[in-house]
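These notes are about the structure you will find just below.
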Amino acid sequence: MSGALSPDVRALRRTLHRVPELGFQESVTSALLARELGAIGGAHPMGQPRPIAATGWVVDLGPADAARTLLLRADMDGLPIREATGLDYASEHEGRMHACGHDAHMAALVFAARHLAEHTPPGVRLRLLFQPAEEGKGGALRCIDEGVLDGVDAAFGLHVWNELPLGTVAATAGGIMAGVVDVSFRVIGRGGHGALPDRTRDPIIAASRLVLALQTVISREESPLAAAVMTIGMIHAGDAFNVIPDEATLRGTVRAFDPAQEERLRAAISRVAAGVAMACDVQIEVDWQSYAAPTVNDPGMAALAARVCAGVDGVREVRTDYRTMAGEDFGDFLAEVPGCFLLVGSGDPAGGSEPHHSPRFEIDEGVLPLATALHIAMARAWAELG
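For any residue, its number in the working numbering is found by taking its place in the sequence shown, counting from 1, and adding 1255.
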């Protein structure tokens, strides 16, 4: 099955790769998916695709009176990155790129739908979700608000993953991807001439101290055995080289698997910011925005997935111990219903694959039929649970 699907699923993935769009702006992508879904027939024709979350689609397969429903999900959005792969199917949208594999996710789920429309597992309904705005825009929560989980008993999803080699699949019980919180700091001082620093309250000095002081929150207040990461990825201050500005802004992320740990980190970071503000005689405002809940796999669903993966052609190794500090809003679904999220290796087994979110990111397209087969196999196995 996997080999027969490969050429067509690859062609669809490349078509989608050419037209990446940002969250809730995926109009071209949405139209392509509508065309593909509308062409699916089979022994058990799909229900009419329904729009969701502005640009997404949800479609049910199977009897409306089925006792149980399984959600299968693929995300749709690209990233604000200028592609530098040099591929002949590279992005045609300037400054936009599928640099995280969402094009592969969509293609795999479309082809899984084609197969499942012909061979629908008996006694269950399958709800296919093509979700916009995974990349920090709250797409999963909006789909939940619009009712995508109504009547759903379990959820399954996957992510192609260049940090694992092709043929390796991670099916880890418990936390597999971290929760992510966006934290911003506004440092308010008093600007002035660069020659008269004594007449100012320098926000750049305070911001610099803040970055360094925050490093102790993880290294000295959390156990080295409890995974957590804080990163400051943006700093901005001033517009002239000889002027001390009034303000500086910083922005970063906090990542943890345990909500209680996240709360401790929030409290510690706020305390450190207040201390730096006092020491530097400035004000520091701290703002928090949730980016993604931890992706926590149900132990029973993870065990089922591990067994299923071991029997799928092309899977050479199943990892049940792999975790990553990257975040994924599929965790929002798993906070509502039990389920499992797989990381499916798409990297070069010899190493050297570009990481996700790189302008040179590319997957080993051998993962496409494998991801398709995993959707199909999980749907069948879940149906057989009875």
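Note that CB positions come from ideal geometry on N, CA and C, so glycine has one too.
For residue i, which residues in the same chain have their Cβ closer than 6 Å to its Cβ, ignoring the five residues on either side in sequence?
i: Gln1544; result: Asp1437
Under 7 Å Cβ to Cβ from residue i, same chain only, skipping five residues before and after it: list those, please.
i: Met1256; result: Unreliable placement is indicated for Met1256, whose pLDDT of 41 sits below 50; the coordinate value is still reported in the next sentence. Excluding residues within five positions, the ones whose Cβ falls inside 7 Å are Ala1628.
At the level of alpha carbons, what is the spacing between residue i and residue j?
i: Ser1474; j: Leu1467; result: 12 Å
i: Gly1258; j: Cys1564; result: Per-residue confidence for Gly1258 stands at a pLDDT of 43, beneath the threshold of 50, marking its modelled position as unreliable; the derived number appears in the next sentence. The alpha-carbon atoms of Gly1258 and Cys1564 are separated by roughly 17 Å.
i: Glu1281; j: Met1361; result: 12 Å
i: Gly1391; j: Ala1495; result: 32 Å
i: Pro1614; j: Arg1328; result: 25 Å
i: Thr1575; j: Thr1427; result: 4 Å
i: Leu1469; j: Ile1524; result: 7 Å
i: Asp1315; j: Leu1404; result: 12 Å
i: Ala1305; j: Gly1402; result: Strictly speaking, residue 1305 in this sequence is Arg, with Ala absent from that position. Their backbone Cα atoms lie some 12 Å apart in a straight line.
i: Arg1519; j: Gly1582; result: 19 Å
i: Tyr1546; j: Val1424; result: 25 Å
i: Phe1411; j: Val1541; result: 36 Å
i: Val1365; j: Ala1462; result: 48 Å
i: Ala1308; j: Arg1454; result: 52 Å
i: Ile1295; j: Arg1521; result: 48 Å
i: Val1264; j: Arg1369; result: 11 Å
i: Cys1398; j: Gln1386; result: 7 Å
Take the Cβ of residue i as the centre, count every other Cβ of all protein chains shown within 10 Å, and call the residue buried at 16 or more, exposed below.
i: Pro1711; result: Lying outside 1256 to 1641, the shown extent of the chain, residue 1711 is not represented and no answer is given.
i: Leu1640; result: exposed
i: Val1472; result: buried
i: Met1331; result: buried
i: Arg1510; result: buried
i: Thr1486; result: exposed
i: Val1498; result: exposed
i: Pro1458; result: buried
i: Glu1373; result: exposed
i: Ser1478; result: exposed
Ignore the nearest five residues each way along the sequence and tell me which others in residue i's own chain have a CB closer than 8 Å to its CB.
i: Leu1465; result: Phe1440, Val1442, Leu1505, Val1527, Ala1528, Val1531 and Ile1539
i: Leu1334; result: Pro1275, Leu1277, Arg1351, Met1352, His1353, Ala1354, Cys1355, Glu1390 and His1612
i: Ala1590; result: Ala1548 and Val1551
i: Pro1604; result: Pro1420, Leu1421 and Gly1422
In the structure shown, what three-state DSSP assignment does residue i receive?
i: Phe1279; result: coil
i: Asp1647; result: Only positions 1256 to 1641 of the chain appear in this structure, which leaves residue 1647 out of reach.
i: Phe1616; result: coil
i: His1374; result: coil
i: Asp1315; result: strand
i: Met1256; result: Because the pLDDT at Met1256 is just 41, under 50, the model does not fix this residue reliably, and the value given afterwards should be weighed accordingly. DSSP places Met1256 in coil when its eight states are reduced to three.
i: Gly1293; result: helix
Next item on the list: Could I get the ranges of all uninterrupted beta strand (DSSP E) runs contained in the segment 1469-1518, with 3 residues as the minimum, in chain order?
Entry: Taking only runs of at least 3 residues, the beta strand (DSSP E) segments lying wholly in the segment 1469-1518 are 1483-1492 and 1502-1511.
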